[in-house]
Amino acid sequence: MSTNTKFIYRRVLLKISGEVLQGVNKFGIDINSLKRIVKEIKLVLKLGIQVGLVIGSGNLFRGSTLSQLGVNRIAADHIGILSTIINSLAMRDIMNSHSIPTYVMSSIPVNGICEIYHYERAIDLLSNNIVVIFAAGTGNPLFTTDSAACLRGIETKSDIILKGTKVDGVYSKDPKKHSQAIFYKNLTYKDVIQKELKVMDLSAFSLARDHNLPIRVFNINKPRSLYRIIKGYDEGTLIK
Ligand code: UDP
0 MSTNTKFIYR RVLLKISGEV LQGVNKFGID INSLKRIVKE IKLVLKLGIQ
50 VGLVIGSGNL FRGSTLSQLG VNRIAADHIG ILSTIINSLA MRDIMNSHSI
100 PTYVMSSIPV NGICEIYHYE RAIDLLSNNI VVIFAAGTGN PLFTTDSAAC
150 LRGIETKSDI ILKGTKVDGV YSKDPKKHSQ AIFYKNLTYK DVIQKELKVM
200 DLSAFSLARD HNLPIRVFNI NKPRSLYRII KGYDEGTLIK
């Protein structure tokens with residue numbers, strides 16, 4: 000296990016999948032899970048790290064799932080987009096209750112509830128150590144919040160995308176279904192494409208690759224994993 004005494008990141012874009020927010024429930028927001036994640040984020044904020052946040056909405060609605068049930072795909076994605084705003088508002092509230100100044104910026108206007116996204120304003124807030132939650136994905140259907148994370152990560156000049164999931168990192172196959180799945184500690188963008196590994200959807204991944212934005216996939220449910228990454232420990236899988 001390697002460690003650096005200096006922090007290798009100054010500003011990170013943390014992407015959390017919606018599923019992480021639902022805890023053991025099948026649907027919705029588990030406030031205790033939210034509180035636990037907020038405590039993990041607080042640990043790295045105390046180190047002076049600037050944090051941008053993108054939250055998915057797999058715990059509420061995903062466009063692809065709704066469209067399989069017969070909802071028009073575009074409308075289904077709009078429902079997914081709105082769900083990310085719901086998650087972001089819940090997250091902001093818990094962050095604020097833990098005395099963490101946090102703004103929600105949405106890609107679509109939601110007057111009276113949160114600000115509209117503006118990259119210069121976002122950079123300004125982040126530079127002042129205020130957490131910014133980027134809600135409503137890219138604002139367009141047919142994309143995912145992974146694309147939003149890469150987009151906002153590039154726009155705000157973040158050093159890395161930290162993709163917090165329920166699994167430890169990237170495996171050759173789904174470790175829940177295949178006991179012999181290989182775990183990767185380090186991968187190149189090329190490896191991911193060649194081995195057809197599921198890191199994120201291709202448009203999101205290409206965006207990160209084309210802009211040389213490293214991605215680290217890790218288990219955010221593992222206590223202090225985020226803190227350990229910032230401290231320079233090997234945690235999860237690094238793709239660069
Ligand atoms: N979505 C979208 N455009 C975006 C981001 C999200 O249409 O730019 C919709 C899409 O329907 C997606 C849902 O919002 O399924 C939730 O996002 P995602 O699937 O990325 O959530 P996660 O899997 O990270 O919880």
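For the sequence shown, the residue numbers in numbering that gives the first Met the number 0 are 0 to 239.
For each residue, glycine too, the CB sits at the ideal point set by N, CA and C.
Since the model is a prediction, treat every value here as computed from it, not as a measurement.
Could you check what DSSP says for residue i in three-state terms: helix, strand or coil?
i    : result
K14  : strand
M94  : helix
Y118 : helix
R227 : helix
L206 : helix
S146 : helix
L196 : coil
I99  : coil
L201 : helix
I129 : coil
Going by DSSP, name the residue or residues bridged to residue i.
i    : result
L124 : Answer is none; L124 lacks a bridge partner.
R9   : Beta-bridge pairing links R9 to no other residue.
S105 : I115, A134
L237 : N185, R215
L161 : L13, R215
V169 : Y183
For residue i, which residues of its own chain have a beta-carbon under 7 Å away from its beta-carbon, when the five flanking residues on both sides are left out?
i    : result
N3   : Bear in mind that a pLDDT of 42 at N3, under 50, signals an unreliable position, so the model cannot answer this.
A89  : I28, L33
K165 : E18, V19, N218, N220
D76  : G62, P140, L141
G57  : S16, G17, E18
Y116 : M104, S105, S106, F133
L65  : A75, I78
I229 : F6, Y8, V43, L46, I48
M94  : V37, T101, V130
N24  : none
Would a C-beta distance cut-off of 7 Å place residue i and residue j closer than the cut-off?
i    : j    : result
N128 : L20  : no
I84  : A121 : no
K14  : A148 : yes
L161 : R10  : no
D145 : M199 : yes
R215 : L237 : yes
V109 : G51  : no
V43  : L225 : yes
P213 : K239 : yes
H210 : I153 : yes
G136 : I73  : no
If you drop the 5 nearest sequence neighbours on each side, which residues of the same chain put their C-beta closer than 6 Å to that of residue i?
i    : result
D190 : none
A180 : Y170, S171, K172, P174
Y183 : V169, T236
S202 : S146
S82  : S56, L59, F60
If I measure Cβ to Cβ from residue i and keep anything under 8 Å in the same chain, skipping five residues before and after, which residues do I get?
i    : result
N31  : G22
K38  : H97
M0   : Residue confidence is low: M0 scores 42 on pLDDT, short of 50, so the model does not pin down where it sits. Its coordinate-derived value is still stated next. So the list reads Y232, D233, once near-sequence residues are dropped.
F26  : N58, L59
K156 : R10, I122
G69  : none
I99  : V37, I40, K41, L44, V130
Beta strand (DSSP E) segments (min. 3 residues) lying fully within the region 19 to 92: Complete beta strand (DSSP E) runs here, min 3: 49 to 54.
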